[in-house]
Amino acid sequence: MKQSLLTVVCLLSCMVCTAETVFSDSRYENRLGNGVSVIVDERVELVSIAFRLAGAMEYVNDRVPEYMTEIDSCFAPYTDHELFTFIRKAREEYNFAYSIPAKSALMLDLSGGRVRISRDWEIEKEFDSADDLYCWTEDLFREYVDLLDDFYRESGFHEFFLSHRDFYTTTVERNTDIPSRVDMSWFERFYGEPAVGVDLYMGLCNGNSNYSIFDVMHRKDWDGRLAIVIGTTDGGDGIPVMLEQHFIAIIHEIAHYYTNPLTDMYYPQMEDAMKAIFPYIKDEMAEIGYGHVETVAGEWINELFTLAYLKDYFESGRCLFSYQHNVAYDEESGYIWMGRAMDFMENFHADRTLYPTVKEFMPQIVAFTNELPEKWDTIAAEFENRHPYVTGIYPAGGVIPEGVDIVRIRFSEPMVKGIQGLMRIDGYEMLPFDFKASYWEDDRTFVIKLGPLEPGRTYGVGLIKGAFFSSDMVSFAKDYKIVFRTGH
1 MKQSLLTVVC
11 LLSCMVCTAE
21 TVFSDSRYEN
31 RLGNGVSVIV
41 DERVELVSIA
51 FRLAGAMEYV
61 NDRVPEYMTE
71 IDSCFAPYTD
81 HELFTFIRKA
91 REEYNFAYSI
101 PAKSALMLDL
111 SGGRVRISRD
121 WEIEKEFDSA
131 DDLYCWTEDL
141 FREYVDLLDD
151 FYRESGFHEF
161 FLSHRDFYTT
171 TVERNTDIPS
181 RVDMSWFERF
191 YGEPAVGVDL
201 YMGLCNGNSN
211 YSIFDVMHRK
221 DWDGRLAIVI
231 GTTDGGDGIP
241 VMLEQHFIAI
251 IHEIAHYYTN
261 PLTDMYYPQM
271 EDAMKAIFPY
281 IKDEMAEIGY
291 GHVETVAGEW
301 INELFTLAYL
311 KDYFESGRCL
321 FSYQHNVAYD
331 EESGYIWMGR
341 AMDFMENFHA
351 DRTLYPTVKE
361 FMPQIVAFTN
371 ELPEKWDTIA
381 AEFENRHPYV
391 TGIYPAGGVI
401 PEGVDIVRIR
411 FSEPMVKGIQ
421 GLMRIDGYEM
431 LPFDFKASYW
441 EDDRTFVIKL
451 GPLEPGRTYG
461 VGLIKGAFFS
471 SDMVSFAKDY
481 KIVFRTGH
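The sequence shown runs 1 to 488 under full-length UniProt numbering.
Below, the structure is given as structure tokens:
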């Protein structure tokens, strides 16, 4: 059994926004002063609960366990409903999964005790414009809505939703801190496009999954507001909450609204370069759900611009290392050139007269991208050798002499002080130590204060890969194991 100790120090601050809470029988909304609304919507709950009951893995989680238990208990008598057979088949044969159910929820109208297709959507045009990944059809959608309607009425779903009024109210009122930090004016300054509003639908069955529903812009009378379905977890008392990482997800999804038109415009100019590097990263990209080279191009540029927001945000004094951590995370995810790209973006920030918005800088980003293939070997070598490592350990020789009460560990480069984690090594007795008395001697030296040792024993201790970071927020390549003997 592995035991670990991990301390992370991070100072957080947030913007102060006014808020207005608006309720109806099918929607609980908290309107924040920055143009973001936090919403629990009956349509989103209906669809996500239906996909949970059908066993769709992306909607089956117990991040909010009490609520999930109530769902399973309340709807247990209806699990043989034809709707769930339909969903399972549609997921397998028509790619009806992940963001598509979330979008389908916003295409519904729940009124008069029925589920219908909303008149705000031109369904025929919606399916005529569907891309190759959008495999379901208008006929399938209409069949799906009919089955949802039958389940909705037969199961008494609306009564279930109404019975959780206090739960939903508390949820939207409590989840204001993270979305209130979003500075919509930043997007206007960066992209040169007017700021839009954001409807943030809390997907209580979504777990870690977050979805942007860009097709809301296709509605007949689009109100100028983006739609994002965001996942949640238990706040400790049964109430769903957004976590700190959801802030980054929200920024990423908002950025897509502004970035996508730019990548659509410029992708043909960098297509050859992206196709040249894609074979080197396709496995990593597949793991995060990006199987097409054009998708990878759009996602990396959007992530580049997301990091530009985070850099401005965190450099204002709010947890700078989290920005650096996200650069390192993106590199680990396959975008191994992201650090170089962020360095290159400094040229944009250095001359906002020449480049008032990122639109004017896009030709430079294209040129940067087109140089990636010829520099790939160097970039790959930098990536492979960027991890910090242990260069020395005192006492040496794997033996702790009598009278020595510390272990001093020296690293290859400056590290982030205040972050450390030690673990038990399988097969060895844990090295006794006083964690609170352990300390950073300088930014390259960590000192473990030893506890009482017994003579003639062999002890082990591991440095956790994800708990020691260089000043660039790059972790060890793997856990580092240390074994000591004590003298007789």
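For each residue, glycine too, the CB sits at the ideal point set by N, CA and C.
Buried or exposed for Lys125, please, with buried defined as at least 16 other CB atoms from any protein chain shown within 10 angstroms of its CB.
Exposed, because fewer than 16 other Cβ atoms sit within 10 Å of the Cβ of Lys125.
Assign Asp132 to one of two classes, buried (16 or more other C-beta atoms within 10 Å of its C-beta) or exposed (fewer than that).
Its pLDDT being 45, under 50, Asp132 is placed unreliably in this model, and the value from its coordinates should be taken loosely. Counting the other Cβ atoms within 10 Å of the Cβ of Asp132 gives fewer than 16, which makes it exposed.
Label Pro240 either buried or exposed according to how many other C-beta atoms from any shown protein chain fall within 10 Å of its C-beta, with 16 as the threshold for buried.
The residue is buried, with at least 16 neighbouring Cβ atoms inside 10 Å.
C-alpha distance - Ala90 paired with Ala195, whole-angstrom precision
Rounded to the nearest angstrom, the two C-alpha atoms are 37 Å apart.
By the three-class DSSP mapping on this structure, what secondary structure does Ala195 have?
Correct three-state label for Ala195: coil.
Which parts of the stretch 332–391 are runs of the alpha helix (DSSP H), unbroken and 4 residues or longer, counting only runs that do not cross its ends?
Correct list: 338–350, 358–370 and 372–384.
Please report how far the alpha carbon of Asp330 lies from the alpha carbon of Trp300, in whole angstroms.
For Asp330 and Trp300, the distance between alpha carbons rounds to 9 Å.
Could you say if the stretch 270–279 and the stretch 210–217 meet the contact criterion of at least three C-beta pairs nearer than 8 Å?
Flag = no, the stretch 270–279 and the stretch 210–217 do not touch.
Measure how close the beta-carbons of residue 555 and Pro65 come, nearest whole angstrom, since I'm counting them as under 8 Å.
In this structure the chain extends from 1 to 488, so residue 555 is not present and cannot be described.
Helix, strand or coil for Ser48? Go by DSSP, reduced to three states.
Helix, per DSSP.
Can you tell me whether Thr85 is buried or exposed, with buried defined as 16 or more other CB within 10 angstroms of its CB?
Of the residues assessed, Thr85 falls on the exposed side of the cut-off, its CB having fewer than 16 other CB atoms within 10 angstroms.
Taking Cβ positions, are Ile406 and Ile379 nearer each other than 8 Å?
No.
Out of Phe433, His164, Arg52 and Arg457, state which residue places its alpha-carbon closest to the alpha-carbon of Tyr98.
Residue Arg52 is the option with its Cα nearest to Tyr98.
What number of angstroms, rounded off, separates the C-alpha of Thr486 from the C-alpha of Arg457?
Straight-line measurement puts the Cα of Arg457 at about 6 Å from the Cα of Thr486.
Starting from the Cα of Leu304, find the closest Cα among Tyr258, Asp351 and His387 and give me that residue.
Ranking Tyr258, Asp351 and His387 by Cα distance to Leu304 puts Tyr258 first.
Do Leu162 and residue 494 come within 8 Å of each other at the CB atom, strictly closer than that value?
Look at the range of the chain in this structure, 1 to 488, and you will see that residue 494 is not part of it.
Pop quiz: Met107 and Ile117 are said to be a contact at Cβ under 8 Å. What is the actual Cβ separation, rounded to whole angstroms?
Indeed, because the Cβ distance is near 6 Å, the residues count as touching under 8 Å.
If we call anything under 8 Å between Cβ atoms a contact, is Tyr428 one with Tyr394?
At the C-beta level, Tyr428 and Tyr394 stay beyond 8 Å of one another.
List the whole-angstrom C-beta distance separating Thr171 from Val40, where the pair is believed to meet the contact cut-off of C-beta under 8 Å.
A Cβ-Cβ distance of about 6 Å is found for the pair Thr171 and Val40, placing them in contact under the 8 Å criterion.
Reduced DSSP secondary structure (H/G/I, E/B, other) of Ala56
Assigned with DSSP and collapsed to three states, Ala56 falls in coil, not helix or strand.
Is DSSP giving Tyr201 helix, strand or coil here?
Here Tyr201 sits in strand by DSSP.
Runs of alpha helix (DSSP H) wholly within the stretch 144–224 (minimum 4 residues, chain order):
Entirely contained in the stretch 144–224, the alpha helix (DSSP H) runs reaching 4 residues are, in chain order, 157–163, 165–174, 177–180 and 184–191.
Would you check if the stretch 328–346 and the stretch 280–295 touch, i.e. whether three or more CB-CB distances between them fall below 8 Å?
Yes: the two stretches touch, three or more of their Cβ pairs being nearer than 8 Å.
Sheet register partners of Glu37 (DSSP bridge)
Checking the sequence shown, residue 37 turns out to be Ser, not Glu. DSSP lists Arg31 and Asp199 as the beta-bridge partner residues of Ser37.
Assuming Ala50 and Leu148 make a contact with CB atoms under 8 Å, what is their CB distance in whole Å?
Yes, they are in contact, since the Cβ atoms of Ala50 and Leu148 sit about 7 Å apart, within 8 Å.
Per-residue burial, Ser111 [other beta carbons within 10 Å of its own, 16 or more giving buried]
Exposed, by the Cβ-count rule.
Indicate the three-state DSSP secondary structure (helix, strand or coil) for Ile393 in the structure shown.
Of the three classes helix, strand and coil, the one that applies to Ile393 here is strand, per DSSP.
Within 10 Å of its beta-carbon, does Arg119 have 16 or more other beta-carbons around it, so buried, or fewer, so exposed?
Exposed: under 16 other Cβ atoms inside 10 Å.
Specify the secondary structure class of Asp109 as computed by DSSP and reduced to three states.
The answer is strand: DSSP assigns Asp109 an E or B state.
Indicate whether Leu243 and Ser37 have their beta-carbon atoms separated by less than 8 Å.
It is not a contact, given that the beta carbons lie outside the stated cut-off.
With 16 other CB atoms within 10 Å as the buried threshold, where does Val399 fall?
With fewer than 16 other Cβ atoms within 10 Å, it is exposed.
Leaving out five residues on either side along the sequence, give the residues of the same chain with a beta carbon under 8 Å from the beta carbon of Ala356.
As written in the sequence, residue 356 is Pro, which differs from the Ala given in the question. When the five nearest sequence neighbours on each side are left out, the beta carbons in the same chain lying within less than 8 Å of the beta carbon of Pro356 are those of Gly192, in order along the chain.
Closest Cα partner of Thr445 within the set Leu307, Tyr389 and Gly289:
Considering only alpha carbons, the answer is Tyr389.
Through-space distance from Val182 to Gln364, alpha-carbon basis:
Rounded to whole angstroms, Gln364 to Val182 spans 28 Å at the Cα level.
Is it true that the CB of Glu173 sits closer than 8 Å to the CB of Asn34?
The answer is no: Cβ separation not under 8 Å.
Beta-bridge pairing of Tyr78 - partner residues as DSSP gives them:
Answer is none; Tyr78 lacks a bridge partner.
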